[in-house]
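Beneath this line is the structure, given in structure tokens, with notes to follow.
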Amino acid sequence: MTSKNATSLSARWLTPSELEAWRSFIVVSRRVWEALDGDLAGHDLSLSDYEILAHLSEAPERRLRMSDLAAQTILSRSRLSHRITVMEKAGWVKRESCPTDKRGSFAVMTTKGWSAISAAAPDHVTSIRYRFMEHLTQSEQSSIEKIFKKVGERLREQEDL
1 MTSKNATSLS ARWLTPSELE AWRSFIVVSR RVWEALDGDL AGHDLSLSDY EILAHLSEAP
61 ERRLRMSDLA AQTILSRSRL SHRITVMEKA GWVKRESCPT DKRGSFAVMT TKGWSAISAA
121 APDHVTSIRY RFMEHLTQSE QSSIEKIFKK VGERLREQED L
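Count the sequence shown with the UniProt record's numbering and you get residues 1 to 161, in order.
Have a look at this one:
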């Protein structure tokens with residue numbers, strides 16, 4: 001977003017209903033994130049670590065280019081690089097050079113990383129259900145999915161400008 005767009009948007013204040021929706025989103029997002037992060041601490045994982053391992057576990061050969069992993073996890077490249085360094089020390093991932101691009105590298109899940117996510121996954125899914133899904137009807141879950149897909153698509157379009 002350019003500063004011109006930000007300036008023109010800043011003059012349009014949120015209505016009370018919009019403000020309530022926004023604040024509810026922020027509060028619930030933070031609380032759910034913190035709760036899930038805390039629940040994973042018993043497995044010596046952060047929620048960011050779990051998310052990285054989950055994406056790697058779903059990738060072919062359990063490996064992704066760092067740039068693709070950053071995009072999938074919505075982490076900055078520097079933040080992802082820091083997390084990968086920590087995860088390398090734990091033995092969960094390793095970096096491999098990209099043979100076709102000397103500047104690029106891959107994050108590759110190790111056997112120890114697979115064991116870590118496999119051990120944490122049942123508790124994590126239980127926590128997601130307990131802290132989020134069980135409070136919603138199927139219709140509400142579908143509405144949330146549609147809402148966040150719509151907002152996510154718009155954000156991606158804005159990033160491409």
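Yeah, the Cβ is synthetic: ideal placement off N, Cα and C, and Gly gets one too.
Inspect the beta-carbon positions of residue i and residue j and report whether they are closer than 7 Å.
i: Ala-120; j: Leu-45; result: yes
i: Trp-92; j: Ala-116; result: yes
i: Ile-52; j: Thr-85; result: no
i: Val-32; j: Arg-131; result: yes
When DSSP labels each residue in this structure, what does residue i get in the three-state scheme?
i: Ala-121; result: helix
i: Arg-65; result: strand
i: Gly-113; result: helix
i: Thr-15; result: coil
According to DSSP, what are the bridge partners of residue i?
i: Glu-96; result: Phe-106
i: Asp-101; result: Cys-98
My guess is that residue i and residue j are in contact by the Cβ rule of under 8 Å, so how many angstroms apart are they, rounded?
i: Leu-40; j: His-124; result: 6 Å
i: Trp-114; j: Ser-57; result: 7 Å
Please confirm whether any heavy atom of the ligand NAD lies closer than 6 Å to the CB of residue i.
i: Val-32; result: With respect to the ligand NAD, the structure shown offers nothing to examine, as it has no ligands at all.
How about residue i: is its C-beta nearer than 7 Å to some C-beta of chain C?
i: Val-32; result: Although the question refers to chain C, the structure presented lacks it and comprises just one protein chain.
I want to know whether the segment 101 to 109 touches the segment 58 to 74 - three or more CB-CB distances under 8 Å. yes
May I ask you to verify whether the segment 73 to 80 touches the segment 41 to 60, counting CB pairs closer than 8 Å and requiring at least 3? yes
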